[in-house]
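Mapped onto this note's numbering, the consecutive letters of the sequence shown carry residue numbers 623 to 709.
Ideal Cβ placement from N, Cα and C applies to all residues, glycine included.
One structure is given here, and the rest of the page talks about it.
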Amino acid sequence: MLLTAVGLLFLGYVFDVWFPINKAIWSSSFVLVTSGWATLILAIIYYLRDIKQFKFGNIFKYVGMNAITIYFSSSFIYKSMCLIKVG
């Protein structure tokens with residue numbers, strides 16, 4: 623998984639030179655980079671949880687069971703933060 627993550631990140635950032643990372647249109651470089659980071663984080667969690675036997679991660683269980691709630695909460699928090707005037 624680690625080699626796959628590094629490969630995806632490398633390809634995404636190299637491809638960024640010709641086709642910029644753009645979330646709005648889900649460019650190929652954006653997909654490669656986000657897939658690379660997701661795979662890297664998954665590899666780290668797998669290593670810590672399954673290989674090193676660290677007992678953590680219950681938060682992932684609750685987030686996974688309530689994914690749509692988390693999605694709408696993030697949108698609500700973002701919109702709330704935009705309403706706060708600073709300076």
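*asked:* What residue range does the alpha helix (DSSP H) around M687 cover?
replied: Element bounds for M687: N680 to M687.
_When T656, I647 and G679 are compared against I667, the one with the closest alpha-carbon_ = The shortest C-alpha separation from I667 is found at G679.
*Kindly give me the distance between the Cβ atoms of S651 and F637, rounded to whole angstroms, as I take these residues to be in contact under 8 angstroms.*
A Cβ-Cβ separation of about 4 angstroms places S651 in contact with F637 under the 8 angstroms criterion.
*asked:* Quick check on the burial criterion: 16 or more other C-beta atoms within 10 angstroms. Buried or exposed for Q625?
replied: Position check: residue 625 holds Leu in this sequence, whereas Gln was assumed. So L625 ends up on the exposed side.
*Can you check whether the CB of G658 is closer than 9 angstroms to the CB of V628?*
Yes.
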